[in-house]
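Numbering (my numbering) for the sequence shown: 1076 to 1239.
All C-beta atoms in this analysis are idealised placements derived from N, C-alpha and C, irrespective of residue type, glycine included.
One structure is given below, encoded as structure tokens.
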Amino acid sequence: MPRPIFRPQQTKTDTQVTLNTRPQTREKQVLNQTEKMKIDRLLRQPRSKAYMEAMHRLDAGGHVHNAQKVNEIIDIIKNEFPEVELSGLLLGYVSICYLGRPYEVHTLDMTGQIIEHYKAGQALPGGLEKARSLAMRGGYDFIEVYVDCCRAVSADGRVSVIKV
């Protein structure tokens, strides 16, 4: 005997209640998409002069062991985007390192709030490796590494989004 494609709907009893959660799920999806679009639009805006200067200070090398200086830079980052909670979205920053050999790139890891300089071939932690080749290619001052993309920032503060 063939099986029916549709199952007959069961009647509700006192102990059984069927809830249709589809409209709520659809509404949440629309809200999440709207929020994501707002965040994406905000993060595409050119970066401020103070923000750019803070990022340039990362290459100085002295911040590696100075927690106060690292916190100052992180505060400037948070002030650049006061409308957005970046934790969970922003993994960190990668930029070419001008300290010279053997260093190739330096990073600011937002999860550990650590500035570190990496030698050629040394792996970058926490998803930052995807930005290394982009930073090494040049043409950008630094790369903001997000969970879903990289945002390459030019010297004038303009932002290019690169999906990875």
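- The Cβ atoms of I1148 and I1189 lie no closer than 9 Å to each other.
- Less than 9 Å divides the Cβ of L1174 from the Cβ of H1192.
- Inclusion of L1164 and Y1221 in the CB contact set at 9 Å is warranted, their separation being smaller than that value.
- Around the beta carbon of D1184, 16 or more other beta carbons lie within 10 angstroms, which makes this residue buried.
- Annotation: D1231 is outside any beta strand (DSSP E) and is labelled neither H nor E by DSSP.
- Judged by DSSP secondary structure, V1145 falls within the alpha helix (DSSP H) whose first and last residues are A1142 to E1155.
- When the beta-carbon positions are compared, L1203 and V1159 stay at least 9 Å from each other.
- By the criterion of a C-beta distance shorter than 8 Å, M1211 is surrounded in its chain by I1171, E1179 and V1180, once the five residues flanking it on both sides are discounted.
- Selection A1142, A1129 and R1176 evaluated against N1154 yields A1129 as nearest (Cα-Cα).
- If the five residues before and after N1107 are omitted, its C-beta is found closer than 7 Å to no C-beta atom of its own chain.
- Excluding five sequence positions before and after C1224, the CB atoms of its chain that fall closer than 8 Å to its own CB belong to V1236, I1237, K1238 and V1239, given in chain order.
- Sequence-distant partners of L1117 (beyond 5 residues in either direction) whose C-beta falls short of 8 Å from its own C-beta, in its chain, are F1156, E1158 and V1159.
- Counting every other CB atom within 10 Å of its CB across the protein chains shown gives G1213 a total below 16, marking it as exposed.
- Shown here for A1198: same chain residues with a beta carbon closer than 8 Å to its own, the five before and five after excluded, namely E1204 in chain order.
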